[in-house]
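Data block below; observations after.
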Amino acid sequence: MSEVHTEKSQTLNFQAEVKQLLHLMIHSLYSNREIFLRELISNASDACDKLRFEALDKPELFEGQGELAIRVGFDKSARTITVSDNGIGMSRDEVIAHLGTIAKSGTREFFSQLTGDQRKDANLIGQFGVGFYSAFIVADKVTVTTRRAGLNESEGVRWECAMSGDAAGEYMVETVERPLRGTEIVLHLREDQDDLLSGWQLRGLIRKYSDHIVQPILMKKEEWDQDKGEQVTTEEDETVNQASALWAKSKNDISEDDYKAFYKHVGHDFDEPLAWTHSRVEGRHEYTQLLYVPKHAPFDLWDRNARHGIKLYVKRVFIMDDAEKLMPTYLRFVRGVVDSADLPLNVSREILQESKDIETIRAGCTKKVLGLLADLAENDQEKYAIFWKAFGSVLKEGVGEDFANKEKIAGLLRFASTRADTADETVSLADYIARMKEGQEKIYYVTAESFNAAKNSPHLEIFRKKGIEVLLLSDRVDEWVIGHLTEFDGKSLQSVAKGGLDLGGLEDEEEKKEAEKAADEFKDLVERMKSSLGDRVKDVRVTHRLTDSPACLVADEQDMGMNLARMLKAAGQKAPESKPILEVNPTHPAVLRLKSEETSFDDWSAVLFDQALLAEGGTLDDPASFVRRINQLMLAMSGN
Numbered sequence: 019m020s021e022v023h024t025e026k027s028q029t030l031n032f033q034a035e036v037k038q039l040l041h042l043m044i045h046s047l048y049s050n051r052e053i054f055l056r057e058l059i060s061n062a063s064d065a066c067d068k069l070r071f072e073a074l075d076k077p078e079l080f081e082g083q084g085e086l087a088i089r090v091g092f093d094k095s096a097r098t099i100t101v102s103d104n105g106i107g108m109s110r111d112e113v114i115a116h117l118g119t120i121a122k123s124g125t126r127e128f129f130s131q132l133t134g135d136q137r138k139d140a141n142l143i144g145q146f147g148v149g150f151y152s153a154f155i156v157a158d159k160v161t162v163t164t165r166r167a168g169l170n171e172s173e174g175v176r177w178e179c180a181m182s183g184d185a186a187g188e189y190m191v192e193t194v195e196r197p198l199r200g201t202e203i204v205l206h207l208r209e210d211q212d213d214l215l216s217g218w219q220l221r222g223l224i225r226k227y228s229d230h231i232v233q234p235i236l237m238k239k240e241e242w243d244q245d246k247g248e249q250v251t252t253e254e255d256e257t258v259n260q261a262s263a264l265w266a267k268s269k270n271d272i273s274e275d276d277y278k279a280f281y282k283h284v285g286h287d288f289d290e291p292l293a294w295t296h297s298r299v300e301g302r303h304e305y306t307q308l309l310y311v312p313k314h315a316p317f318d319l320w321d322r323n324a325r326h327g328i329k330l331y332v333k334r335v336f337i338m339d340d341a342e343k344l345m346p347t348y349l350r351f352v353r354g355v356v357d358s359a360d361l362p363l364n365v366s367r368e369i370l371q372e373s374k375d376i377e378t379i380r381a382g383c384t385k386k387v388l389g390l391l392a393d394l395a396e397n398d399q400e401k402y403a404i405f406w407k408a409f410g411s412v413l414k415e416g417v418g419e420d421f422a423n424k425e426k427i428a429g430l431l432r433f434a435s436t437r438a439d440t441a442d443e444t445v446s447l448a449d450y451i452a453r454m455k456e457g458q459e460k461i462y463y464v465t466a467e468s469f470n471a472a473k474n475s476p477h478l479e480i481f482r483k484k485g486i487e488v489l490l491l492s493d494r495v496d497e498w499v500i501g502h503l504t505e506f507d508g509k510s511l512q513s514v515a516k517g518g519l520d521l522g523g524l525e526d527e528e529e530k531k532e533a534e535k536a537a538d539e540f541k542d543l544v545e546r547m548k549s550s551l552g553d554r555v556k557d558v559r560v561t562h563r564l565t566d567s568p569a570c571l572v573a574d575e576q577d578m579g580m581n582l583a584r585m586l587k588a589a590g591q592k593a594p595e596s597k598p599i600l601e602v603n604p605t606h607p608a609v610l611r612l613k614s615e616e617t618s619f620d621d622w623s624a625v626l627f628d629q630a631l632l633a634e635g636g637t638l639d640d641p642a643s644f645v646r647r648i649n650q651l652m653l654a655m656s657g658n
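At position 477 of the sequence shown the residue is numbered 495 (my numbering), and the sequence of numbers has no breaks.
What follows is the structure, given as structure tokens:
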């Protein structure tokens with residue numbers, strides 16, 4: 019980052035990602051320009067909440083002014099809109115950190131998805147959260163003046179950025195005198211934004227987007243001046259919003275639009291929520307929960323250490339953001355508010371970790387969210403499909419993390435199967451069981467690195483022949499899921515690529531006799547192949563899994579699956595040493611040829627093994643030798 023500075027002022031360049039976001043704000047979100055006021059007021063509300071929380075231990079931070087408020091004003095002659103608060107404010111370092119950089123894990127990956135398509139970019143910005151930078155949708159220059167509560171008046175900070183002229187892409191920071199704590203943001207409007215310089219217009223936006231904000235949002239009262247024939251501003255303040263906690267109201271008094279507007283505030287999201295649940299719990303523990311499921315995944319969804327979405331209040335007093343102890347990690351996509359009547363006002367993150375009350379609230383919130391998802395799955399499959407595409411992989415983590423709700427989570431899982439043409443066509447375990455063939459006792463699945471690899475696995479050949487559905491598991495977390503989910507509704511889950519294949523009642527006596535006969539006939543061949551392949555295999559045996567392929571590799575029943583072993587190796591972790599079992603198809607011409615092969619037996623055996631390994635998605639230790647053997651065998655067969 020380059021910079022020019024004097025003793026008090028600095029000129030710095032924006033982080034590259036910020037420049038990209040600013041450009042998108044201006045060009046992709048203009049049709050939704052009204053959100054700038056919602057976002058700035060939401061930030062001001064958060065600043066007031068944070069001051070109230072810090073002042074629980076340090077009441078001197080109020081500096082003798084305990085009434086928290088947000089103020090919105092405008093100046094027609096200067097063509098400016100001002101949003102100010104008397105919240106926590108920012109120090110110089112915080113200004114540079116928050117307004118000059120986007121210091122969040124996953125930022126670069128997020129921006130790598132941006133395409134220039136306005137609709138898609140707008141959705142991606144929604145995944146990121148709009149925040150302060152939305153000011154540049156309507157302003158070509160923004161000035162921020164702030165002072166953190168508790169610092170001296172001489173430690174105020176002014177931040178300024180213009181989006182036109184030679185200074186575009188730079189911002190200035192200087193130290194200034196500021197008697198008042200908190201933050202003031204002045205937006206110097208673009209030429210085509212003068213319609214916003216209206217008290218009526220601004221009040222309408224506040225009531226539309228920010229009516230639920232807990233702090234009063236103040237504007238100067240306006241009266242009609244008969245002599246001037248226009249509205250004039252007085253010195254009297256009026257509160258524009260209702261300034262009441264939305265979650266504390268009766269559900270009958272809250273409209274759908276109210277719920278959606280509050281979600282955009284609490285979730286800092288551009289889009290509407292997918293679903294929500296609002297309830298008051300009474301009894302031994304009293305608390306209110308208003309929890310939302312978003313429509314799309316945030317950019318940092320896979321950062322399990324990132325703090326997300328639940329704001330904790332005690333008796334309507336804000337306590338902390340991102341109270342991660344209120345929601346299990348596998349539900350980290352949930353946004354919302356929990357307001358407890360039992361917790362102490364001075365509760366800390368350390369207290370939360372040991373609190374029995376928090377354990378009860380967490381269990382209650384988890385139950386509510388899983389119940390909401392179950393209702394969607396049963397009654398609104400279109401919405402559930404949207405949820406599953408965005409968050410299904412995260413929800414799967416709960417199978418191994420939340421033993422108490424394991425069955426509920428398993429019922430919510432969706433998997434692709436051999437009945438589907440694409441990975442998006444999924445089936446629940448309950449639906450799979452409902453359409454199992456007569457005599458089928460197990461839920462069959464195959465794991466692979468991709469949907470196509472799973473769908474084309476040679477292990478599926480006998481199942482296709484018999485019309486048996488198999489689940490296709492290609493999500494990276496699926497191996498984790500299967501390791502913890504061994505049965506569902508009394509039916510065990512069975513990999514089609516592990517152990518000896520036992521189709522139970524799906525095999526008739528004649529097929530069993532043919533399998534036994536083939537095993538006896540090819541006994542000498544499999545022994546020769548085992549000797550030829552040496553320590554590359556644990557065993558060689560005749561298979562009845564295959565109908566078209568000459569051979570396949572399977573893992574022993576107690577060994578780690580080959581797909582999981584490859585995943586661990588790719589992640590730099592050590593997988594337990596185990597060798598695969600090579601199964602050969604006694605009806606395939608290549609295997610039949612081996613019975614009478616003498617001169618090239620070792621080459622044929624090695625090629626069959628390598629082909630089976632490639633079909634599994636594995637990699638060859640010696641590709642050159644494989645190519646050489648193939649070429650030699652082709653030449654021998656052609657007579658050259």
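Every residue, glycine too, gets a C-beta built ideally from N, C-alpha and C.
If we count the other Cβ atoms within 10 Å of its Cβ and call it buried at 16 or more, is residue i buried or exposed?
{"i": "alanine 466", "result": "buried"}
{"i": "serine 123", "result": "With a pLDDT of only 45 at serine 123, under the threshold of 50, the placement of this residue in the model should not be trusted, and no figure is reported."}
{"i": "arginine 196", "result": "buried"}
{"i": "threonine 306", "result": "buried"}
{"i": "lysine 159", "result": "buried"}
{"i": "methionine 655", "result": "exposed"}
{"i": "tryptophan 218", "result": "exposed"}
{"i": "alanine 121", "result": "Summary for alanine 121: the model assigns pLDDT 43, below 50, so the residue's position carries little reliability, and this model does not support an answer."}
{"i": "threonine 440", "result": "exposed"}
{"i": "glutamate 254", "result": "exposed"}
{"i": "glutamine 576", "result": "exposed"}
{"i": "leucine 431", "result": "buried"}
{"i": "arginine 9", "result": "In the structure displayed, the chain extends from 19 to 658; residue 9 sits before or after that span and is not available."}
{"i": "valine 250", "result": "exposed"}
{"i": "leucine 653", "result": "exposed"}
{"i": "arginine 11", "result": "The displayed coordinates of the chain run from 19 to 658. Any statement about residue 11 would go beyond what the structure contains."}
{"i": "asparagine 259", "result": "buried"}
Who are the near neighbours of residue i in its chain, counting only those whose CB is closer than 7 Å to its CB and skipping five residues on each side?
{"i": "lysine 613", "result": "Leu543"}
{"i": "threonine 565", "result": "Glu479, Ile480 and Lys483"}
{"i": "glutamate 81", "result": "Ala167 and Arg199"}
{"i": "glutamine 211", "result": "Val156"}
{"i": "threonine 378", "result": "His303"}
{"i": "alanine 73", "result": "Leu79 and Phe80"}
{"i": "isoleucine 337", "result": "Phe71, Leu330, Tyr331 and Val365"}
{"i": "leucine 524", "result": "Lys455, Gly457, Gln458, Lys484 and Ile486"}
Quick one: residues in its chain with C-beta nearer than 8 Å to the C-beta of residue i, no 5 flanking neighbours on either side, listed in chain order?
{"i": "phenylalanine 351", "result": "Val311, Pro312, Ala315, Pro316, Leu319, His326, Gly327, Ala408, Phe409 and Val412"}
{"i": "threonine 384", "result": "Met345, Pro346, Leu349, Asp420 and Asn423"}
{"i": "serine 27", "result": "Met190, Val191, Glu192 and Thr193"}
{"i": "lysine 516", "result": "Val572, Ala573, Asp574, Glu575, Asp577 and Gly579"}
{"i": "glutamate 372", "result": "none"}
Based on DSSP bridge pairs, tell me the residues matched to residue i.
{"i": "phenylalanine 92", "result": "Ile99"}
{"i": "tyrosine 463", "result": "Leu489 and Ser513"}
{"i": "phenylalanine 506", "result": "Lys509"}
{"i": "phenylalanine 336", "result": "Tyr331"}
{"i": "phenylalanine 433", "result": "Val445"}
{"i": "aspartate 357", "result": "Thr306 and Tyr331"}
{"i": "methionine 190", "result": "Thr29 and Glu178"}
{"i": "serine 297", "result": "Gln307"}
{"i": "isoleucine 203", "result": "Val101 and Val162"}
Residues in the same chain with beta-carbon distance under 6 Å from residue i, minus the five sequence neighbours each way, listed in chain order, please.
{"i": "leucine 117", "result": "Trp177"}
{"i": "glycine 552", "result": "none"}
{"i": "leucine 17", "result": "Here the chain comprises residues numbered 19 to 658, so residue 17 is not present and cannot be evaluated."}
{"i": "glutamate 634", "result": "Leu571 and Met580"}
{"i": "alanine 153", "result": "Phe54, Val160 and Leu205"}
Assuming residue i contacts residue j (C-beta within less than 8 Å), just tell me the rounded distance between them.
{"i": "leucine 308", "j": "glycine 382", "result": "Their Cβ separation, rounded to whole angstroms, is 13 Å, which puts leucine 308 and glycine 382 out of contact at 8 Å."}
{"i": "lysine 414", "j": "valine 499", "result": "5 Å"}
{"i": "valine 175", "j": "methionine 237", "result": "Their Cβ separation, rounded to whole angstroms, is 26 Å, which puts valine 175 and methionine 237 out of contact at 8 Å."}
{"i": "isoleucine 6", "j": "isoleucine 88", "result": "Outside the shown range of the chain, which is 19 to 658, sits residue 6, and nothing can be said about it."}
{"i": "lysine 597", "j": "valine 560", "result": "Wrong, their Cβ atoms sit about 18 Å apart, outside the cutoff."}
{"i": "isoleucine 451", "j": "leucine 511", "result": "Actually they are not in contact, since the Cβ atoms of isoleucine 451 and leucine 511 sit about 11 Å apart, beyond 8 Å."}
{"i": "leucine 220", "j": "valine 90", "result": "6 Å"}
Review point. Between the region 602-618 and the region 442-456, are three or more C-beta pairs nearer than 8 Å?
Key: They do not touch, by the three-pair rule.
Review point. Between the region 55-69 and the region 272-285, do at least 3 Cβ pairs fall closer than 8 Å?
Key: The region 55-69 is in contact with the region 272-285.
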